[in-house]
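**Q**
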Amino acid sequence: MKAVEARELTKKYRTKTAVDGIDLDINDGELFALLGVNGAGKTTTIRMLSCLSTPTDGRASIYGNDIRNDSTGVKNIIGISPQDTAVADNLTIKENLQLIAGIYGFSKEKAAQRVQEMIDLFGMEEVRNDRAKTLSGGWKRKLSIAMALISEPKLLFLDEPTLGLDVLARRELWTAIEALKGKMTIILTTHYMEEAEALSDRIAIMLGGRIKAIGTLSEIEAISGESGLEASFVKIADMTKKGEL
Amino acid sequence: MDRTISFASRNFKELLRDPLSYIFCLGFPLVMLVIMTLVNSSIPPEAKMTIFRIDNLSGGIAVFGLSFVMLFTCLSVSKDRAGSFLVRLYASPMRSSDFIAGYILPVFLLSMMQLIITFIASVIIGLIVGIQLDILGCLLASLSLIPLSVTMISIGLLFGTLFSEKASPGLCSIVISLASFLGGVWFDVEGIDGVLSTICNILPFFHGTKAARAAIAMEFGDYWTHIGVTAAYALVFTIISILVFRKKMKADLS
Numbered sequence: 003m004k005a006v007e008a009r010e011l012t013k014k015y016r017t018k019t020a021v022d023g024i025d026l027d028i029n030d031g032e033l034f035a036l037l038g039v040n041g042a043g044k045t046t047t048i049r050m051l052s053c054l055s056t057p058t059d060g061r062a063s064i065y066g067n068d069i070r071n072d073s074t075g076v077k078n079i080i081g082i083s084p085q086d087t088a089v090a091d092n093l094t095i096k097e098n099l100q101l102i103a104g105i106y107g108f109s110k111e112k113a114a115q116r117v118q119e120m121i122d123l124f125g126m127e128e129v130r131n132d133r134a135k136t137l138s139g140g141w142k143r144k145l146s147i148a149m150a151l152i153s154e155p156k157l158l159f160l161d162e163p164t165l166g167l168d169v170l171a172r173r174e175l176w177t178a179i180e181a182l183k184g185k186m187t188i189i190l191t192t193h194y195m196e197e198a199e200a201l202s203d204r205i206a207i208m209l210g211g212r213i214k215a216i217g218t219l220s221e222i223e224a225i226s227g228e229s230g231l232e233a234s235f236v237k238i239a240d241m242t243k244k245g246e247l
Numbered sequence: 007m008d009r010t011i012s013f014a015s016r017n018f019k020e021l022l023r024d025p026l027s028y029i030f031c032l033g034f035p036l037v038m039l040v041i042m043t044l045v046n047s048s049i050p051p052e053a054k055m056t057i058f059r060i061d062n063l064s065g066g067i068a069v070f071g072l073s074f075v076m077l078f079t080c081l082s083v084s085k086d087r088a089g090s091f092l093v094r095l096y097a098s099p100m101r102s103s104d105f106i107a108g109y110i111l112p113v114f115l116l117s118m119m120q121l122i123i124t125f126i127a128s129v130i131i132g133l134i135v136g137i138q139l140d141i142l143g144c145l146l147a148s149l150s151l152i153p154l155s156v157t158m159i160s161i162g163l164l165f166g167t168l169f170s171e172k173a174s175p176g177l178c179s180i181v182i183s184l185a186s187f188l189g190g191v192w193f194d195v196e197g198i199d200g201v202l203s204t205i206c207n208i209l210p211f212f213h214g215t216k217a218a219r220a221a222i223a224m225e226f227g228d229y230w231t232h233i234g235v236t237a238a239y240a241l242v243f244t245i246i247s248i249l250v251f252r253k254k255m256k257a258d259l260s
């Protein structure tokens, strides 16, 4: 079964079309990157797929659950780490994780086990009792991803996970994301070329609400005729501007 | 139920860890009780002004204190809406009823703590100044203010849902001023006439003060009328705030 299947997915805000009839097929266990500049429609796409926004047109399903008709089914199998660090500031790392485990209805024992697993996975032992508001940006992002993971989602959305982080924190987070590869399906949005290149199995390039190229890095290079993701992206953006794509 | 309790527990912890909760919700009513008791001791007996006497004062201060609970409800909701924390929760299996109950329960608990502390302090102050307050009456006064507490919490939920983190505290301060001025705390509403008296009798604050005073005095002449008015406000504002929250949540997800 496909993790994500979308057909003609569209989102319009009055006169502006944020996402313009995109088709997507994402395989189970794949790390899929949505790459594009700000305003390309990446976050809107994620919002629709995670039932945070209703599509204006088209359809999509997550592991067979329709995003329009079965939002509860979708919400039970996804985890999301939003663009801004979505944590409860006055709670500790442990309490933030316990909160999400409680919301997903875990028993006390299961919640305690999952909290410890998340703390171990992201190496948060030393800061487990620190309140979120006192954490650095890097720790907050790790906590945000851990909160998305604690419910054991089949599909994880990471919306610009390394935005605003310094180079060391970014590399650390890449290592953490790489460790998740294959264990679940991950959809990552980013506008950092090197991030998409380093982490993803397949990449979709979004421009002006449309997917202009999709495939592995070598497939995208073949479409653009350029070498490297950055050069390919620039070429594809240029071809789009000229109406060649 | 698990979802509601988890979310309510988070909100309660956030409240307890905010020093302003102690200052405004617990400290401020106590300070006002002490200050106004000192003012009362400075009023000569021939003035025959008893509004600041502890048996009259405690009910009014309890009503005034509840208006700060409204402010904290409003801040909890508007702060969450301003950040992306709610986005995460919207993408979880939480329903609107989980959100609403999760916001209301902790502040309701806070309001009960505030009322109990206010009346315990009133009993102690009463003993110091030589006025014995009926313990049962004080307990009943705390229960009598539950409808007004629910009204205040609902107004807080409504403002927090409709307005931004910056705008909503300003609007709350208007209600706080109204509760204070028109609640019969600072002047004898029954001693005045005209438009001001009518407004005081239309709004729920004065009825809350009167219900609490009647309970403390264990005199139940108009007690049920005052309870009826505050209960009606509680019902109406609870329904409005729930409907508005649900509508806003639906709009956020459209």
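Protein sequence lines, in the order shown, are assigned to chains A and B. First residue of the first sequence? That's 3 in our numbering, and the numbers climb one at a time after it. First residue of the second sequence? That's 7 in our numbering, and the numbers climb one at a time after it. We put the CB at the ideal spot given by N, CA and C, even for glycine.
Counting pairs of beta carbons, one from the stretch 214-232 of chain B and one from the stretch 144-163 of chain B, are three or more of them closer than 8 Å?
**A** Yes: at least three Cβ pairs fall under 8 Å.
**Q** Go through the stretch 169-201 of chain A residue by residue and report every complete run of the beta strand (DSSP E) that reaches 3 residues or more, in order.
**A** Here the runs fully enclosed are 187-192.
**Q** Note down, in chain order, every chain B residue with its Cβ under 8 Å from the Cβ of residue 6 of chain A.
**A** In the first sequence, residue 6 of chain A corresponds to position 4, counting from 1. Those within 8 Å of residue 6 of chain A in chain B number zero; the least Cβ separation is about 15 Å.
**Q** Does chain A have any CB closer than 9 Å to the CB of residue 20 of chain B?
**A** To locate residue 20 of chain B, count along the second sequence from 1; it is residue 14. It does; some Cβ of chain A falls within 9 Å.
**Q** Please say whether residue 182 of chain B and residue 74 of chain B have beta carbons closer to each other than 9 Å?
**A** Reading the second sequence from its first residue, position 68 is the one you call residue 74 of chain B. Reading the second sequence from its first residue, position 176 is the one you call residue 182 of chain B. Result yes, Cβ atoms of residue 74 of chain B and residue 182 of chain B sit closer than 9 Å.
**Q** Which residues in chain A sit within 9 Å of residue 24 of chain B, going by Cβ to Cβ distance?
**A** Position 18 of the second sequence, counting from 1, holds the residue named residue 24 of chain B. The answer, in chain order, is 92.
**Q** Can the beta-carbon of residue 187 of chain A be found closer than 9 Å to that of residue 160 of chain A?
**A** Residue numbering aside, residue 187 of chain A sits at position 185 when the first sequence is read from its first letter. Residue numbering aside, residue 160 of chain A sits at position 158 when the first sequence is read from its first letter. Cβ distance not < 9 Å, so residue 187 of chain A and residue 160 of chain A don't count as in contact.
**Q** Rounded to whole angstroms, what's the CA-CA distance from residue 53 of chain B to residue 46 of chain B? Just pull it up for me.
**A** If you number the second sequence from 1, residue 53 of chain B lands on position 47. If you number the second sequence from 1, residue 46 of chain B lands on position 40. So the two alpha carbons sit approximately 11 Å from each other.
**Q** Are the CB atoms of residue 170 of chain B and residue 77 of chain B nearer to each other than 9 Å?
**A** Taking the first residue of the second sequence as position 1, residue 170 of chain B is located at position 164. Taking the first residue of the second sequence as position 1, residue 77 of chain B is located at position 71. No; because the gap between Cβ atoms is not below 9 Å, this pair is not in contact.
**Q** By a C-beta neighbour count over all protein chains shown, 10 Å radius and 16 as the cutoff for buried, is residue 106 of chain A buried or exposed?
**A** If you number the first sequence from 1, residue 106 of chain A lands on position 104. Per the 10 Å Cβ criterion, buried.
**Q** Counting only runs that start and end within the stretch 31-85 of chain A, where is the alpha helix (DSSP H) found for 4 or more residues in a row?
**A** DSSP runs (the alpha helix (DSSP H)) wholly in the stretch 31-85 of chain A: 44-51 and 73-77.
**Q** Ends of the alpha helix (DSSP H) at residue 190 of chain B?
**A** Here residue 190 of chain B is taken as the residue at index 184 of the second sequence, counted from 1. Residue 190 of chain B -> no alpha helix (DSSP H), and no H or E assigned at all.
**Q** Would a C-beta distance cut-off of 9 Å place residue 212 of chain B and residue 201 of chain B closer than the cut-off?
**A** As a first step, residue 212 of chain B must be located in the second sequence, where it is residue number 206. As a first step, residue 201 of chain B must be located in the second sequence, where it is residue number 195. It is not a contact, given that the beta carbons lie outside the stated cut-off.
**Q** So the alpha helix (DSSP H) residue 261 of chain B belongs to, where does it begin and stop?
**A** Limits of chain B in this structure are 7 at one end and 260 at the other, which puts residue 261 of chain B out of reach.
**Q** Alpha carbon to alpha carbon, how far is residue 124 of chain A from residue 144 of chain A? Give it in angstroms, no decimals.
**A** On the first sequence, position 142 is the one that residue 144 of chain A refers to. On the first sequence, position 122 is the one that residue 124 of chain A refers to. Cα to Cα, residue 144 of chain A sits roughly 7 Å from residue 124 of chain A.
**Q** Under 9 Å, Cβ to Cβ, is there at least one residue of chain B near residue 67 of chain A?
**A** Within the first sequence, residue 67 of chain A is the residue found at index 65, counting from 1. Not closer than 9 Å to any Cβ of chain B, the Cβ of residue 67 of chain A fails to qualify, so no.
**Q** What's the gap between the Cα of residue 94 of chain B and the Cα of residue 146 of chain A?
**A** Here residue 94 of chain B is taken as the residue at index 88 of the second sequence, counted from 1. Here residue 146 of chain A is taken as the residue at index 144 of the first sequence, counted from 1. Distance between the alpha carbons of residue 94 of chain B and residue 146 of chain A is about 9 Å.
**Q** Using the C-alpha atoms, what's the distance from residue 59 of chain B back to residue 185 of chain B?
**A** In the second sequence, counting from the first residue as 1, residue 185 of chain B sits at position 179. In the second sequence, counting from the first residue as 1, residue 59 of chain B sits at position 53. Between residue 185 of chain B and residue 59 of chain B, the C-alpha separation is close to 19 Å.
**Q** Quick check: the Cα distance between residue 64 of chain B and residue 23 of chain B, rounded to an integer number of angstroms?
**A** Taking the first residue of the second sequence as 1, we reach residue 64 of chain B at position 58. Taking the first residue of the second sequence as 1, we reach residue 23 of chain B at position 17. C-alpha separation (whole angstroms): 27 Å.
**Q** Does any residue of chain B bring its CB to less than 9 Å from the CB of residue 88 of chain A?
**A** As a first step, residue 88 of chain A must be located in the first sequence, where it is residue number 86. So, interface residue.
**Q** For residue 9 of chain B and residue 104 of chain B, which I take to be in contact (beta-carbon distance under 8 Å), what is that distance rounded to the nearest angstrom?
**A** Residue numbering aside, residue 9 of chain B sits at position 3 when the second sequence is read from its first letter. Residue numbering aside, residue 104 of chain B sits at position 98 when the second sequence is read from its first letter. About 4 Å separates the two Cβ atoms, so the contact holds.
**Q** Is the beta carbon of residue 140 of chain A sitting closer than 9 Å to the one on residue 170 of chain A?
**A** Looking up residue 140 of chain A in the first sequence gives position 138. Looking up residue 170 of chain A in the first sequence gives position 168. Their beta carbons are under 9 Å apart, which means residue 140 of chain A touches residue 170 of chain A by this criterion.
**Q** Counting Cβ pairs closer than 8 Å, one from the stretch 209-223 of chain A and one from the stretch 38-49 of chain A, do we hit at least three?
**A** Contact between the stretch 209-223 of chain A and the stretch 38-49 of chain A is present, because at least three Cβ pairs lie under 8 Å.
**Q** Using Cβ-Cβ distances below 8 Å, what residues of the stretch 106-117 of chain A are close to chain B?
**A** Per Cβ criterion, the list reads 106 and 107.
**Q** Within the same chain, show all residues whose beta-carbon is closer than 8 Å to that of residue 91 of chain A, passing over the 5 residues directly before and after it, in chain order.
**A** Here residue 91 of chain A refers to the residue found at position 89 when the first sequence is read from its first residue. Excluding residues within five positions, the ones whose Cβ falls inside 8 Å are 133, 134 and 135.
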